[in-house]
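Visitor:
Written out as structure tokens, the structure reads:
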């Protein structure tokens, strides 16, 4: 990106009288030095109460044997040190094996969903770059899944994917005759793919939204100049569009990653209370482990491990993509 | 720029496929809501054997949808209004003042948005239960607890979007107000806020949508009397059979308020949601 450097508009004060140069006038001056902090207090208190405090409490809970007997008097739960972590990290035990399995499933799910959502969003954004009749209408249509309440949209997919009464099997089996027996889409191995499709359906509009806004900042002259130089569509995409979108992509991919990795709504509404083993995403896994056994100590330990994992991934990502923002 | 021919041919095909992908579930929702029960019990059919509005009448009796609706309305409305009020002050501070900790505040608030919800869920559940036991203030199983929770969910993005709107208002206006003797609070209320009103409305709708669509906390923190639509809609499935036509009708009814709001304010949304990412 071309940076325009403006000459500094502050002329150094003449030697000999450094302190008397008039300061630029500020609104309010020193009288309001406390004002910004006062304005922030409500937001800070709320964030502390509902986000920071529970995280700290969660870390504390993960060191306690917090079972159903202590839900109403949690301070009396016995201290177990790292015992909970030992249980959920023990890969020979069932808890550890299931957690690892869930982590692997979630990782595959996230990579596939984010990749596809980005690809669809990018494709549509580029194809909608040129104005044509009906473009506005199409954009609005594409954004609708993002606007729908999650549960209403996902429950529609649940209906659509029913084995006996759903649209998908009606098309595949009755109308096209692709297979003879009706496959299950919400049980077994297929459930994973159902999850990916629904997730992509719900998230790609957000990618489209961000990428469309990003494309609007690319000056049209760049494409004209490139056309004159004989650069074709793909060359322009590679040399102009993608580099100009790097700052948008850095944030977009991270946001998509975190949303998808922590996705609870899609599996919970799609499968109901019991998620299939093949589609056991981490949020639902922790949720079910905690609320079926009421062992909040174990649940907290898994949550803390999840947080640590996400922090490491996010940190690594930000370091690796730092130059996306600066050097181009 | 002249387009290659293959692009002129591919564009309508690809956009058509994407439109189909987007539309199929919406089509299923719309048509199935108008089907009699027998149409959704046997195999799937593309068009109702007879069009009926009966599902729209039945949904209120099969489960207490009216109460869920009012609960969602009260919780989402209160959470949105409170969240935006708090966000306005915070965003004004970030947009108009240079103070120590400004960057840290912005990053910290935004990053809480990224933490997994499940991380807060278990502690928050226990905190609400135990606060209720100690102080008598019922946060677990009540709308108050849910409002408190939801208002902080939309807070980070609300602040982020509002900072963007406020930044786009020329500072000359503030300075003129200051010359006229307005303090920062009056400047905010009488100068900045009226100018940023379209943005503020968009943020309010965003906060409302966030609360309206939340499932995870609603499934744990509500009791039967405070149940919201997110959980209530599953009531049609716990019976012996699933009344899919009613489920679709109910889904449609609960979607209309937020989809209408979103589409009306689409432009402000796009500007606000992406302001930070594009910058």
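Chains as they are written, first to last, in our numbering: chain Z, 196 to 523; chain E, 6 to 284. Just so it is clear, CB atoms sit at the ideal spot from N, CA and C, and this is done for glycine as well.
Can you name the residues of chain Z whose CB is closer than 9 Å to the CB of residue 135 of chain E?
Guide: Per Cβ cutoff of 9 Å: 266, 267, 268, 269, 270.
Visitor: Given that a residue counts as buried once 16 or more other Cβ atoms are within 10 Å of its Cβ, and exposed if not, what is residue 43 of chain E?
Guide: Looking at its Cβ environment, which holds fewer than 16 other Cβ atoms inside 10 Å, residue 43 of chain E is exposed.
Visitor: Measuring alpha carbon to alpha carbon, tell me which of E:220, E:187, E:216, E:173 ends up nearest residue 202 of chain E.
Guide: Comparing Cα positions, the closest option is E:173.
Visitor: Looking only at C-alpha atoms, which of Z:257, Z:291, Z:266 sits nearest to residue 159 of chain Z?
Guide: Chain Z is shown from 196 up to 523; residue 159 of chain Z falls before or after that span and cannot be answered.
Visitor: Tell me, to the nearest whole angstrom, how far the beta carbon of residue 557 of chain Z is from that of residue 420 of chain Z; I am working on the premise that it is less than 8 Å.
Guide: With chain Z running from 196 to 523 in the structure shown, residue 557 of chain Z is simply not present.
Visitor: Just the chain E side, please: which residues come within less than 7 Å of residue 344 of chain Z by C-beta, in chain order?
Guide: 217, 218, 259, 260, 263, listed in chain order.
Visitor: Could you name the residues of the segment 486-508 of chain Z whose beta carbon sits closer than 8 Å to any beta carbon of chain E, in the order they occur along the chain?
Guide: Those residues of the segment 486-508 of chain Z that come within reach of chain E (Cβ to Cβ, closer than 8 Å) are 486, 491, 494, 495, 498, 499, 501, 502, 505.
Visitor: Does the distance from the C-beta atom of residue 189 of chain Z to that of residue 340 of chain Z stay below 7 Å?
Guide: Because chain Z in this structure spans residues 196 to 523, residue 189 of chain Z falls outside the shown range and cannot be described.
Visitor: Give the residues of chain Z in contact with residue 109 of chain E, contact being defined as C-beta atoms less than 8 Å apart.
Guide: Residues of chain Z passing the Cβ test: none, with the nearest at roughly 11 Å.
Visitor: Give me, in chain order, the residues of the same chain whose beta-carbon lies closer than 8 Å to that of residue 104 of chain E; leave out the 5 immediate sequence neighbours on both sides.
Guide: Only 98 meet the Cβ criterion.
Visitor: Taking DSSP's pairing of strands, which residues face residue 316 of chain Z in a bridge?
Guide: For residue 316 of chain Z, which the question treats as bridged, DSSP gives no partner whatsoever.
Visitor: Whether or not the segment 220-228 of chain E and the segment 299-306 of chain Z are in contact is what I'm after, with contact meaning three or more pairs of Cβ atoms, one per stretch, closer than 8 Å; do they touch?
Guide: Short answer: they don't touch.
Visitor: Three Cβ pairs or more, each shorter than 8 Å: is that satisfied between the segment 73-92 of chain E and the segment 55-62 of chain E?
Guide: As far as the Cβ criterion goes, the segment 73-92 of chain E does not touch the segment 55-62 of chain E, which means the pair count is below three.
Visitor: What do you reckon, are the CB atoms on residue 96 of chain E and residue 167 of chain E nearer than 7 Å?
Guide: Result yes, Cβ atoms of residue 96 of chain E and residue 167 of chain E sit closer than 7 Å.
Visitor: Say whether chain Z places a C-beta atom closer than 7 Å to the C-beta of residue 97 of chain E.
Guide: Yes, residue 97 of chain E counts as interfacial toward chain Z.
Visitor: According to the neighbour-count rule (16 or more other Cβ atoms, all chains shown, within 10 Å of its Cβ), is residue 266 of chain E buried or exposed?
Guide: So residue 266 of chain E counts as buried.
Visitor: Between the segment 310-321 of chain Z and the segment 16-26 of chain E, do at least 3 Cβ pairs fall closer than 8 Å?
Guide: The answer is yes - the segment 16-26 of chain E touches the segment 310-321 of chain Z, with three or more Cβ pairs under 8 Å.
Visitor: According to DSSP, what are the bridge partners of residue 259 of chain Z?
Guide: For residue 259 of chain Z, which the question treats as bridged, DSSP gives the partners Z:274.
Visitor: If we cut at 7 Å on Cβ distances, does residue 256 of chain E have a partner in chain C?
Guide: No chain C appears in the structure shown, which is made up of the protein chains Z and E.
Visitor: Under 7 Å between the Cβ atoms of residue 212 of chain E and residue 88 of chain E?
Guide: Yes, these two residues count as a Cβ contact at 7 Å.
Visitor: If you follow the alpha helix (DSSP H) that residue 220 of chain E is part of, which residue opens it and which one closes it?
Guide: Counting along the chain, residue 220 of chain E falls outside any alpha helix (DSSP H), and DSSP gives it neither H nor E.
Visitor: Quick one: what does DSSP say residue 360 of chain Z is sitting in, helix, strand or coil?
Guide: In this structure, residue 360 of chain Z counts as coil in the three-state DSSP scheme.
Visitor: Give the straight-line distance between the Cα atoms of residue 207 of chain E and residue 273 of chain E, rounded to the nearest whole angstrom.
Guide: Distance between the alpha carbons of residue 207 of chain E and residue 273 of chain E is about 6 Å.
Visitor: Identify the continuous alpha helix (DSSP H) that holds residue 530 of chain Z and give its terminal residues.
Guide: The question about residue 530 of chain Z has no answer, for chain Z in this structure spans 196 to 523.
Visitor: Please tell me whether residue 160 of chain E and residue 485 of chain Z are closer than 7 Å, where the distance is taken between their beta carbons.
Guide: No, these two residues do not count as a Cβ contact at 7 Å.
Visitor: Under the three-state reduction of DSSP, which class applies to residue 25 of chain E: helix, strand or coil?
Guide: In this structure, residue 25 of chain E counts as helix in the three-state DSSP scheme.
Visitor: Please determine, among Z:448, Z:259, Z:436, the residue with the shortest C-alpha to C-alpha distance to residue 402 of chain Z.
Guide: Answer by Cα proximity: Z:448.
Visitor: Along the chain, where does the alpha helix (DSSP H) that runs through residue 430 of chain Z open and close?
Guide: Looking at the DSSP string, the run of the alpha helix (DSSP H) that includes residue 430 of chain Z is 428-431.
Visitor: Which residues in the same chain as residue 516 of chain Z place their Cβ atom closer than 7 Å to its Cβ, once the five residues preceding and following it in sequence are excluded?
Guide: So the list reads 445, once near-sequence residues are dropped.
Visitor: Please determine, among E:175, E:58, E:163, E:53, the residue with the shortest C-alpha to C-alpha distance to residue 205 of chain E.
Guide: Measuring from the Cα of residue 205 of chain E, the nearest candidate turns out to be E:163.
Visitor: Could you please give me the residues that DSSP links to residue 140 of chain E through a beta bridge?
Guide: For residue 140 of chain E, which the question treats as bridged, DSSP gives no partner whatsoever.
Visitor: Return helix, strand or coil for residue 284 of chain E, following the three-state DSSP convention.
Guide: The pLDDT assigned to residue 284 of chain E is 43, lower than 50, so where the model puts this residue is not dependable, and the model offers no usable value.
Visitor: Kindly indicate which residue of E:112, E:36, E:100 has the alpha-carbon position closest to the one of residue 55 of chain E.
Guide: Of the candidates E:112, E:36, E:100, the one whose C-alpha sits nearest the C-alpha of residue 55 of chain E is E:36.
Visitor: Going by DSSP, what residues sit across from residue 227 of chain E in a beta bridge?
Guide: Paired residue(s): E:146.
Visitor: Would you call residue 406 of chain Z buried or exposed, if buried means 16 or more other Cβ atoms sit within 10 Å of its Cβ?
Guide: Looking at its Cβ environment, which holds 16 or more other Cβ atoms inside 10 Å, residue 406 of chain Z is buried.
Visitor: Could you check whether the segment 242-260 of chain Z touches the segment 123-141 of chain E, counting it as contact only if at least three pairs of C-beta atoms, one from each stretch, sit closer than 8 Å?
Guide: The segment 242-260 of chain Z, when compared against the segment 123-141 of chain E, does touch it at the 8 Å Cβ threshold.
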